[in-house]
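Heads up: the sequence shown runs through residues 292 to 649, numbered per this note's numbering.
Beta carbons: idealized from backbone N, C-alpha and C, even for Gly.
These numbers come from a predicted model, not from an experiment.
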Amino acid sequence: MTGPRVLLAPDKFKGSLPAHEVARALAEGVRRVRPDAVLDSLPVADGGDGTLDAAVASGFERVEVVVDGPTGERVATSYARRGSTAVVEMADACGLVRLPGGVLAPMTASSRGLGQVVAAALDAGCRDLVVGIGGSASTDGGVAMLTALGASVDGDRLDLTGLHPALAEARVVAACDVDNPLTGPDGAAAVYGPQKGADPAQVVVLDERLARWAELVAAATGADRRDEPGAGAAGGVGFGLVAVLGAELRPGIALMLDLLGFADRVAGSRLVVTGEGSLDEQSLRGKAPVGVSSAAARAGAPVVAVCGRNLLTGQQLDAAGIVAAYALTDIEPDVSVCLAEPARLLADLGERIAREHL
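What follows is the structure, given as structure tokens:
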């Protein structure tokens with residue numbers, strides 16, 4: 292007779308451990324207590340860095356490609372493919388994690404690499420494109436992404452006649468967790484520019500650039516989409532995707548859970564274990580643990596979370612549908628040890644979870 296079915300669906304512990312290794316460590320701990328448990332590993336992501344890894348872990352094939360990084364250096368990245376569906380991750384192609392030496396480049400970082408990966412997937416016959424746009428380094432409105440796909444900008448005119456022909460029959464869905472417009476006080480430059488290194492004067496210049504870009508796109512397409520919710524995502528890449536490529540923007544974790552087949556995998560589970568590096572106020576705004584919790588609730592499966600540190604109250608966890616949270620700092624107060632040995636500590640938490648919930 293088989294034991295309880297447990298679905299391990301964590302996000303990465305950023306800067307410490309990728310999601311599939313988080314799941315592996317948890318599984319080790321659970322098996323110490325319940326060797327009979329039926330464990331299913333489904334690493335998740337919300338559209339930022341780790342999205343490719345989650346797709347590959349769920350059965351997609353990794354296809355390698357070399358593109359331009361955010362400041363023009365060539366980088367080896369990939370997309371994930373299953374049938375005609377391709378998963379593209381902006382962070383891995385030309386995001387913040389690809390900045391040489393981690394040096395921010397607010398005025399020059401480019402989205403070109405994202406367009407090059409999309410073009411490679413189209414060339415290979417993919418027609419359903421899932422684009423994760425979290426973790427971007429640029430604030431170019433998607434200009435470079437679109438020129439990599441064949442658009443051209445000549446002075447005050449945008450020419451779309453050279454766009455990759457396969458785009459006419461492709462469906463593009465982007466993982467987007469913000470509703471900012473492209474320009475203005477709530478726009479891409481004003482809200483996210485400082486995070487990418489822009490000082491107040493540079494924010495003004497970037498916003499002016501984005502406004503001029505919006506006018507060019509409106510003239511070329513016949514519609515001004517600069518105020519569309521999500522247009523300001525990823526430094527305006529959201530705008531380029533929606534206004535020119537006709538993309539649909541969807542909340543990142545919901546999109547990824549659908550793509551990974553979460554509903555089928557959670558069926559019959561006695562427990563779901565999710566998590567991420569830090570459980571905090573930001574987690575409540577559409578991040579992976581809360582998305583997993585919402586999806587698991589529809590299947591009637593209780594959810595516990597693991598994390599590096601937990602800054603949420605019991606009331607907040609309860610409201611998010613999370614039965615309990617287990618932090619590395621609960622068992623190892625030295626944060627440097629938590630960062631250095633997360634797998635060992637996660638296995639210990641997995642053992643504790645099994646004792647208390649299975």
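Check	Outcome
Any beta strand (DSSP E) of 3 or more consecutive residues that is wholly inside the segment 449-527	462-466
T376 - partner residues in DSSP beta bridges	R373 and D419
Proximity to V408 [Cα-Cα], best of P334, V356, V583 and L451	V356
CB contact flag (V379, G341, <8 Å)	no
C-beta contact flag for A428 and Y370 at 8 Å	no
Closest Cα partner of G599 within the set A618, A611, R556 and P593	A618
Cross-strand partners of V313 (DSSP beta bridge)	Its beta-bridge partners do not exist; DSSP assigns none.
Complete alpha helix (DSSP H) runs within the segment 317-363 (minimum length 4 residues, chain order)	342-348
Short Cβ contact (8 Å threshold) for V595 with V297	no
DSSP three-state assignment for A618, whether helix, strand or coil	strand
Proximity of S375 and D419 at Cβ, strictly below 8 Å	yes
Assigned exposure category for S443 - 16 Cβ within 10 Å defines buried	exposed
Distance between beta carbons of D383 and A579, contact taken as under 8 Å	That belief does not hold up - the Cβ atoms of A579 and D383 are roughly 17 Å apart, past 8 Å.
Contact under 8 Å by Cβ, V583 with A611	no
CB contact flag (G543, G425, <8 Å)	yes
Element boundaries [beta strand (DSSP E), containing E539]	E539 to R541
Separation of K487 from A510, as counted between CA atoms	29 Å
From R576, A534 and D518, residue whose alpha carbon lies closest to that of A545	R576
Nearest-angstrom Cα separation, counted from G360 out to D621	39 Å
Per DSSP, cross-strand counterpart(s) of F304	L308
Residue burial classification, G559 (beta-carbon count within 10 angstroms, cutoff 16)	exposed
Nearest neighbour of L640, chosen from G306, A318 and K305 [CA to CA]	A318
Distance between D431 and H311 (C-alpha atoms, nearest Å)	33 Å
Contact under 8 Å by Cβ, G294 with A316	no
P456 classed as buried or exposed, judged by whether at least 16 other C-beta atoms fall within 10 angstroms	exposed
Identified DSSP bridge partners for C598	E567 and A618
Span separating the alpha-carbon of P485 from that of L440	28 Å
For S401, the first and last residue of its enclosing beta strand (DSSP E)	No beta strand (DSSP E) contains S401, which DSSP labels as neither H nor E.
Distance, R589 Cα to F553 Cα	11 Å
Cα-Cα separation between V321 and R646, rounded to whole angstroms	8 Å
Beta-bridge pairing of S443 - partner residues as DSSP gives them	D450
Burial state of E539 (16 or more Cβ within 10 Å)	exposed
Test item: CB-CB of D518 and P476 under 8 Å	no
Distance CB(D468)-CB(G338) smaller than 8 Å	yes
Which listed residue (S307, L454, G605 and A522) has its alpha carbon closest to that of R541	A522
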